[in-house]
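Numbering (my numbering), first residue to last: 0 to 150.
Report on the structure given below.
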Amino acid sequence: MRTRRERLSRVTATDREAGAVTVFLAISVVGLLVLIGLVADGGAKLRATQRADAVAGEAARAAGQVIDLPQAVRGTRVRVDRQAAANAATAYLTATGEQGTVSVGPDGTTLEVTVTDTAPTVFLGLIGIHTLTVTGHAEVTLVHGVTGGGT
0 MRTRRERLSR VTATDREAGA VTVFLAISVV GLLVLIGLVA DGGAKLRATQ
50 RADAVAGEAA RAAGQVIDLP QAVRGTRVRV DRQAAANAAT AYLTATGEQG
100 TVSVGPDGTT LEVTVTDTAP TVFLGLIGIH TLTVTGHAEV TLVHGVTGGG
150 T
C-alpha cells in the first residue's frame, strides 16, 4: 500500500499541466465579465445622455414659446421675454425631475439649456463607480417669417 505522499507525487510527476485549463478559464471569465460590464453600463450611460438631450430640447422649446408680446405685436422685433422664458424652462425641468441651467442670448433670440443627470451602474459598482454623470445640451433660435403668396 502506498502512502498519500507517494500517490500525490506520482500524480504531479506524470501530469505537469494539471490545472492549466483552470487558470486560463478564470482569466477568460474575468475578461468576459469586464466586457459585459462595459457594454451594459455604457448602454445605460448612452440612454441617460439621450434622455438628458431630449429633456434639454423640450425645456428650450418651452422657453422659446414665451415671446415678448408687446414687441411682437408692434412688429418691431420677435424675441423672448427673458424672465418668463427662464421660468418656463425651469418649470419644465422641475416637472421632469431634472436639474439644469437656462441662458438667454444677448439679443433675446437664442436660448441654451444644459441638463445634468446621473445614471446608475451595475457592473462598475463592483469597482466603486456607482453612478455616471451625463450632460444634455440644447440650443433654440427664434425665427420669424411669413411664407406664401401674401393673399
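We treat Cβ as the ideally placed atom computed from N, Cα and C, and that holds for glycine.
DSSP-derived helix/strand/coil call for residue i
| i | result |
| --- | --- |
| PRO69 | helix |
| THR120 | coil |
| THR109 | strand |
| THR2 | coil |
| THR115 | strand |
| VAL77 | coil |
| GLN49 | helix |
| GLY56 | helix |
| GLY127 | coil |
Residue range of the unbroken beta strand (DSSP E) whose run includes residue i
| i | result |
| --- | --- |
| LEU131 | 130-140 |
| THR100 | 98-103 |
Run of the alpha helix (DSSP H) containing residue i, from where it starts to where it stops
| i | result |
| --- | --- |
| LEU92 | 81-95 |
Spatial distance of residue i from residue j (CA atoms)
| i | j | result |
| --- | --- | --- |
| GLY107 | GLY30 | 53 Å |
| ASP67 | VAL114 | 25 Å |
| ALA94 | ARG76 | 31 Å |
| ARG78 | ASP116 | 29 Å |
| GLY63 | THR89 | 12 Å |
| THR140 | ARG60 | 10 Å |
| VAL22 | LEU32 | 16 Å |
| ILE126 | VAL20 | 27 Å |
| ALA137 | LEU110 | 8 Å |
| ASP80 | VAL65 | 6 Å |
(message) Count Cβ pairs between the region 20-40 and the region 111-128 that sit closer than 8 Å; are there 3 or more?
(response) yes
(request) Kindly confirm or deny that the region 88-100 and the region 47-61 touch, where touching means at least three C-beta pairs closer than 8 Å. (result) yes
(request) State whether the region 43-50 contacts the region 69-76, with contact taken as three or more CB pairs (one from each stretch) at a distance under 8 Å. (result) no
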